[in-house]
Amino acid sequence: MAAPAALSKVVVLRLYVAGGAPNSIQAIANLEAICAEYLKDGHRLEVVDVLENPRRAMADGVVVTPSLTKLSPGPVAQVVGNLSDKIRVLFALGLKPNVE
C-alpha cells in the first residue's frame, strides 16, 4: 500500500548567507527557484545570516558563505557558492533534474 502524500519526506535545508552580499542574494534566489520547481511544498528552508548569528555559524562549522546544508533526509550534504550550478545542487539534494 502506498504511503499517503502527507507522509512523504520533507527536505530540510539550511542556507548560511552573509547579509546582503551579492552572492548571498543570488544563492537565495537560485535556491528558491530550485525549491519551487523540484520540491514545491515538500521542504523547509531556514536562512541563517552569519553577520547576525556568527556564533551559530561557528558552532555549525560554517566558514564560507553562501553555504547550503541538506539536513534531512540523510545523508547530510553541503554545497558552497551561489547555487548557480543547478545540477550540482540537485545532486546534493538527492534530486534528479527535469529533462525537457
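Quick note on the numbering used here: the sequence shown kicks off at 68 and runs consecutively.
Virtual Cβ for every residue (Gly too), placed ideally from N, Cα, C.
Item                                                                                                      : Value
Buried versus exposed call for Pro121 [16 or more other C-beta atoms within 10 Å across all chains shown] : exposed
Per DSSP, cross-strand counterpart(s) of Glu113                                                           : Arg81
For Gln145, the residue or residues it bridges with in DSSP                                               : Thr136
Sufficient close CB pairs (3 or more, under 8 Å) joining the region 123-140 to the region 88-102          : yes
Sub-7 Å separation of Val156 and Val146 beta-carbons                                                      : yes
Alpha helix (DSSP H) segment containing Ala96, residue limits                                             : 89-101
Exposed unless 16 or more other CB atoms sit within 10 angstroms - verdict on Ala126                      : exposed
Val156 (DSSP reduced to helix, strand or coil)                                                            : helix
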